[in-house]
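Enquirer:
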Amino acid sequence: MESAQHVQSITVTPKAAEKVAEFMKQEGNTGLFLRVYVTGGGCSGLSYGMGFEEKPDEDDSIIEQNGVKVLVDSYSQRYLRGANIDYVESLMGSGFKINNPNVTKSCSCGHSFSTE
Numbered sequence: 048m049e050s051a052q053h054v055q056s057i058t059v060t061p062k063a064a065e066k067v068a069e070f071m072k073q074e075g076n077t078g079l080f081l082r083v084y085v086t087g088g089g090c091s092g093l094s095y096g097m098g099f100e101e102k103p104d105e106d107d108s109i110i111e112q113n114g115v116k117v118l119v120d121s122y123s124q125r126y127l128r129g130a131n132i133d134y135v136e137s138l139m140g141s142g143f144k145i146n147n148p149n150v151t152k153s154c155s156c157g158h159s160f161s162t163e
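Here it is as structure tokens:
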């Protein structure tokens, strides 16, 4: 397993943590992990994904912030260094937003990105 220090700079805002806890409660399992990952695809080459997991995989790093245990696989770690996971609410809608300093280009829909 790769060292967790590579993903320690991922932050989860209190608002995002509150929403994750709310969603876990709806799932009926407050002991879940939040998986955050990067996958190939989208109009800019890469896109984010999030979901719940019951246990970590062998190549996962685990970080805990504001009561949320986040899993990041070894492939995604390099793309998520320094990222901030937030939850935003606006007139246009609400949802999780990943603010990522590694992004050099993103598409207009805001769901895919590329790095150098």
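When you read off a place in the sequence shown, starting at 1, and then add 47, the result is the number in our numbering. Yeah, the Cβ is synthetic: ideal placement off N, Cα and C, and Gly gets one too.
Buried or exposed for Asp104, going by 16 or more other Cβ atoms inside 10 Å?
Expert: exposed
Enquirer: Got a sec? Which residues, its chain only, sit under 6 Å from Arg128 by beta carbon, not counting five neighbours each side?
Expert: The residues Ser56, in chain order, have a CB closer than 6 Å to that of Arg128 in the same chain once the five nearest residues on each side in sequence are set aside.
Enquirer: So if DSSP puts Lys144 in a beta bridge, which residue, or which two residues, is it bridged to?
Expert: Asp133
Enquirer: Output yes or no for whether 8 Å exceeds the beta carbon distance between Arg82 and Leu118.
Expert: yes
Enquirer: Say the cut is 7 Å; is the CB of Tyr95 nearer than that to a heavy atom of the ligand COA?
Expert: Absent from the structure shown: the ligand COA. Ligands present: none.
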